[in-house]
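Protein chains in written order, with my numbering: chain B, 140 to 358; chain W, 140 to 358; chain R, 140 to 358; chain U, 140 to 358.
Cβ atoms here follow ideal geometry from the backbone N, Cα and C, with glycine treated the same way.
These numbers come from a predicted model, not from an experiment.
To start, the structure under review is shown below, and the notes come after it.
Number of protein chains: 4
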Amino acid sequence: MSTSDPAGNRPTATTSVTARGGRPRRGRRPAAEVRAEVLETVARMLFHGGLTAVTFDKVAAASGASKTTLYKWWPSPGSLAAEAYFAGVWNELGFDDTGDIEADLASQLRAFVHLMTREPAGRVARELIGAAQTDPDLRAAFVREYSLPRRDEAITRLRRAQDRGQLAADAPLTALVDQLWGACYHRILLLNEEPDDRLVDDLVRTVFHGAGPRGTADA
Amino acid sequence: MSTSDPAGNRPTATTSVTARGGRPRRGRRPAAEVRAEVLETVARMLFHGGLTAVTFDKVAAASGASKTTLYKWWPSPGSLAAEAYFAGVWNELGFDDTGDIEADLASQLRAFVHLMTREPAGRVARELIGAAQTDPDLRAAFVREYSLPRRDEAITRLRRAQDRGQLAADAPLTALVDQLWGACYHRILLLNEEPDDRLVDDLVRTVFHGAGPRGTADA
Amino acid sequence: MSTSDPAGNRPTATTSVTARGGRPRRGRRPAAEVRAEVLETVARMLFHGGLTAVTFDKVAAASGASKTTLYKWWPSPGSLAAEAYFAGVWNELGFDDTGDIEADLASQLRAFVHLMTREPAGRVARELIGAAQTDPDLRAAFVREYSLPRRDEAITRLRRAQDRGQLAADAPLTALVDQLWGACYHRILLLNEEPDDRLVDDLVRTVFHGAGPRGTADA
Amino acid sequence: MSTSDPAGNRPTATTSVTARGGRPRRGRRPAAEVRAEVLETVARMLFHGGLTAVTFDKVAAASGASKTTLYKWWPSPGSLAAEAYFAGVWNELGFDDTGDIEADLASQLRAFVHLMTREPAGRVARELIGAAQTDPDLRAAFVREYSLPRRDEAITRLRRAQDRGQLAADAPLTALVDQLWGACYHRILLLNEEPDDRLVDDLVRTVFHGAGPRGTADA
DNA sequence: CGATAAACGAGACGGTACGTCACGTCTTGCC
DNA sequence: GGCAAGACGTGACGTACCGTCTCGTTTATCG
């Protein structure tokens with residue numbers, strides 16, 4: 140999520156978080172250690188107070204990192220929150236392939252809706268999307284790290300269904316993704332309603348079979 | 140947008156904004172006059188600096204109203220911005236009925252996309268949606284004043300088409316609205332892309348005719 | 140304390156404070172009734188929150204009088220508080236005359252010190268004196284209603300002692316009052332100390348017998 | 140006057156107020172520099188508008204310091220005004236020792252009265268004493284920085300006179316100070332009158348020779 | 001005795017100050 | 001040299017009070 144990672148090393152468990160009980164550390168510390176502590180702290184703060192609780196001031200006070208350091212690694216509190224968030228919920232949504240594309244889509248959408256509406260993870264996700272509309276750094280990070288990868292996953296799965304003849308050869312796959320996930324986002328972000336199973340079923344059925352008049356010869 | 144309007148009278152052009160050149164008014168002024176001046180000012184500020192430029196401090200300084208008054212009428216800067224925004228762009232999107240539901244939907248979606256992506260109105264709209272994810276007052280106002288009315292408009296138009304046999308009798312109208320508009324929102328808010336005419340066409344075609352394999356007997 | 144009392148009638152118990160349990164009174168009410176309720180309320184507020192708790196806003200809310208009315212009768216919150224205060228502690232300090240001027244002065248000073256240092260009356264008195272240094276209306280009222288009358292009382296008692304030969308014929312009575320009471324005020328207001336009985340004894344003895352070297356011929 | 144001075148260094152003329160003509164400084168500046176500019180500004184404000192003109196908002200605007208900084212160094216506007224005031228009028232009243240204690244006391248009292256009654260310094264002093272009755276921080280600062288030191292000065296001078304046999308060996312020195320200065324404060328603060336030379340003479344004479352009946356054997 | 005004017009309550013309004021918080025910049029002192 | 005610590009200017013927040021002013025209601029007074 141961060142713009143640059145000179146060391147190239149994501150913090151691992153092996154990199155020392157050792158001197159935890161010591162006196163308030165000063166002087167130079169390994170970047171990885173600092174980053175790890177910060178992200179851990181931010182994840183906790185996100186969980187408790189939501190996105191608005193993540194300020195550089197509070198993070199600095201709670202994590203032991205200095206504001207100078209935070210500014211060096213993250214362009215805005217939103218970016219920092221986003222990285223901490225993704226590091227946590229990452230990989231939570233794997234795309235099944237049972238062979239039944241409609242069922243797989245429905246179950247995937249249901250899992251997605253559940254993630255977006257349960258507390259506190261869902262609230263944080265919604266707040267991140269919200270903040271991204273104002274914070275360009277956050278928006279770029281969000282698209283790059285979340286939206287595009289997840290869209291690609293979905294398209295990959297759809298293309299496989301297409302290859303199997305479960306979708307029309309000229310089906311606009313990208314538009315289908317927009318339609319299916321976008322409908323859920325619409326409910327959640329714009330209407331403040333929680334999508335139910337009924338909606339998911341309707342979405343999938345319409346996408347595959349259309350909502351036009353029955354018996355009509357589809358041109 | 141505001142929670143209560145004791146006088147019950149939305150400010151109109153007729154209500155005196157007369158004593159403009161006078162001394163800096165003290166004491167009680169008609170609520171309608173104050174509200175009108177504030178909303179006018181906020182609209183200008185939205186146009187120039189976007190949503191983040193709308194702070195109670197700046198609005199008070201620029202409109203001649205006091206912060207006390209602003210807090211009395213609006214629970215948050217976002218709510219104020221929303222009301223000013225809707226008072227301006229309201230009714231900009233009228234739903235045509237040429238008899239051809241697919242064409243009407245497409246043209247309506249195209250107009251909507253244009254509104255959401257042109258500057259500065261589109262940016263403000265996106266920022267409002269974003270802020271609504273954090274500000275409960277703004278969210279409530281947004282849903283009440285914008286999302287629900289526009290969805291009702293769309294459903295009304297779709298129901299008419301349904302009555303004419305242009306849609307299946309059991310078509311899930313609400314879900315269709317989510318699918319069509321939600322897809323555009325998905326592109327704009329989540330992916331930071333501008334929906335093109337191609338997308339709109341794909342959306343409408345899929346909704347009416349499905350993207351399943353051709354020649355399939357639609358169950 | 141108030142600048143004018145057109146009706147000339149201080150509120151008495153007979154003037155109706157009747158409709159107490161009724162609906163929240165509006166429209167014209169007898170001035171005396173309004174004034175009485177206000178002063179009663181302010182006395183309570185002074186007792187609980189001190190002088191700073193007496194604001195026109197709070198008094199209006201608590202007394203049922205409107206701010207308009209308060210501004211009509213009192214020039215500042217301080218003046219209002221002063222009037223309410225004096226209406227309460229008035230006449231609390233009567234000057235005894237046992238024939239022993241030194242003993243009478245000492246007991247009078249002790250009573251005065253006790254009044255000024257016990258809570259909450261003493262705190263309010265100190266705050267009133269403090270506020271009078273900034274609020275001209277309050278200062279004028281304070282001097283007129285409190286300082287001068289009490290000084291006159293003291294001078295009257297001293298002159299009687301002088302007539303009896305208990306004080307030098309050319310004793311500067313006004314200066315003596317300044318010395319005796321002023322010394323206590325000095326301790327309380329300037330040094331934030333509580334005058335003790337020892338101080339009072341020293342003051343009286345010095346005033347009557349001097350602190351110069353013993354055996355000296357008083358020129 | 141401030142509670143703590145971490146750097147331990149009172150601002151001096153040598154500490155750089157150099158970069159005055161530069162751009163509006165951001166980031167950290169030396170505390171001494173900031174404090175010096177603030178106190179200078181406040182002294183000017185006190186001179187022109189009195190104590191009520193010293194608000195944190197105005198000081199911040201006029202001095203270039205931020206409200207945050209002001210709150211960090213001073214607990215209330217009154218404390219700030221007090222420090223600025225004392226930094227200015229400090230040392231204005233030196234205690235002479237001509238050998239004639241009565242004459243020295245009289246001249247010292249006259250100088251004190253003059254300081255307390257001339258404009259604008261006297262008005263500010265009275266307002267400070269007034270505000271100290273409500274503001275505990277200001278009261279503590281006032282007592283610590285002004286009242287006690289000045290009383291100690293006076294007692295020192297009186298003790299010297301006592302050692303020379305110009306005062307009774309058992310003369311209550313502290314009470315004498317209360318009597319002499321307190322009498323002047325009484326006139327000024329409580330009675331709103333300006334002490335004249337006559338008063339000062341009467342005070343000193345009474346303190347040394349008593350106001351009791353002449354020829355009486357002083358018990 | 002009914003109309004009218006005065007006094008009141010309620011409270012909105014423009015100002016101003018309060019005290020707090022976060023941002024982004026900058027300096028100092030450890031390590 | 002990099003980092004913590006944290007002070008600094010900026011500016012917004014939400015609240016409180018002041019003093020002015022408008023409105024509708026009630027009462028006392030007078031035609």
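The beta carbon of R/Y224 sits no closer than 7 Å to any beta carbon of chain U. With fewer than 16 neighbouring CB atoms inside 10 Å of its own CB, W/P288 falls in the exposed class. Within chain W, the C-beta atoms nearer than 8 Å to that of B/I268 come from G269, Q272, L328, L329, in chain order. Chain R places a beta carbon closer than 7 Å to that of U/L338, counting this residue as a contact. Around the beta-carbon of R/E176, 16 or more other beta-carbon atoms lie within 10 Å, marking it buried.
For U/R353, the three-state secondary structure derived from DSSP is coil. Taking 7 Å as the CB threshold, U/D317 lines the interface with chain R. In this structure, B/L319 places its C-beta atom within 7 Å of the C-beta atom of B/L342. By the C-beta criterion, the region 257-270 of chain W is judged to be in contact with the region 219-229 of chain W, since at least 3 inter-stretch pairs fall below 8 Å. Contact annotation: in the region 240-260 of chain B, no residue has its CB less than 8 Å from a CB in chain W. 7 Å or more divides the Cβ of W/G321 from the Cβ of B/Y285. Residue environment for U/R278: buried (at least 16 other C-beta atoms within 10 angstroms of its C-beta).
Per DSSP, the unbroken alpha helix (DSSP H) holding R/W212 starts and ends at 206-212. Chain B has no Cβ within less than 7 Å of the Cβ of W/G238. Between B/V263 and B/L185 the beta-carbon gap is near 5 Å, inside 8 Å, which marks them as a contact.
When Cβ pairs closer than 8 Å are counted between the two stretches, the region 254-263 of chain B is seen not to touch the region 300-311 of chain B, the count staying below three. When CB distances to chain U are screened at a threshold of 7 Å, the residues of the region 304-316 of chain R falling below it are G304, Q305, L306, A307, A310, P311, A314, L315, in chain order.
W/F281: member of the alpha helix (DSSP H) spanning 275-281, first to last residue. For a cut-off of 8 Å, the C-beta gap from U/D340 to U/A271 is around 30 Å, too long to register as a contact. Shown here, R/G227 sits in a helix according to DSSP, grouped into three states. Taking 9 Å as the cut-off between beta carbons, the residues of the region 180-206 of chain U near chain R are G189, L190, T191, in sequence order. Remark: C-beta atoms of R/V193 and R/A220 approach each other more closely than 7 Å. Per DSSP, reduced to three states, the secondary structure at R/A300 is helical.
Closest by C-alpha distance to W/V346, out of B/D317, B/V181, B/R296, B/E179, is B/D317. When the alpha-carbon of U/L178 is set against those of U/T191, U/D309, U/A201, the nearest one is in U/A201. Using a Cβ-Cβ cut-off of 7 Å, U/F347 counts as an interface residue toward chain R, since at least one Cβ of chain R sits closer than that to its own.
The Cβ atoms of R/P214 and R/D291 do not sit closer than 7 Å to each other. Residues of chain R with a Cβ closer than 7 Å to the Cβ of U/S286 are, in chain order, L329, L330. Between U/R296 and U/D236, the beta carbon gap of about 7 Å places them in contact (Cβ cut-off 8 Å). Pairing W/V181 with W/A204 gives a Cβ-Cβ distance that is not under 7 Å.
For U/Y210, the CB contacts under 8 Å within the same chain, skipping 5 residues up- and downstream, are F195 in chain order. With respect to U/A308, U/I240 sits apart: the two C-beta atoms are not nearer than 7 Å. For B/A175, the enclosing alpha helix (DSSP H) covers residues 170-188.
DSSP, reduced to helix, strand and coil, places U/L330 outside both helices and strands of the structure shown, so it counts as coil. Taking C-beta separations shorter than 8 Å and ignoring five residues to either side along the sequence, B/L330 has no partners in its chain. Look at B/S202 here: in three-state DSSP terms it is helix.
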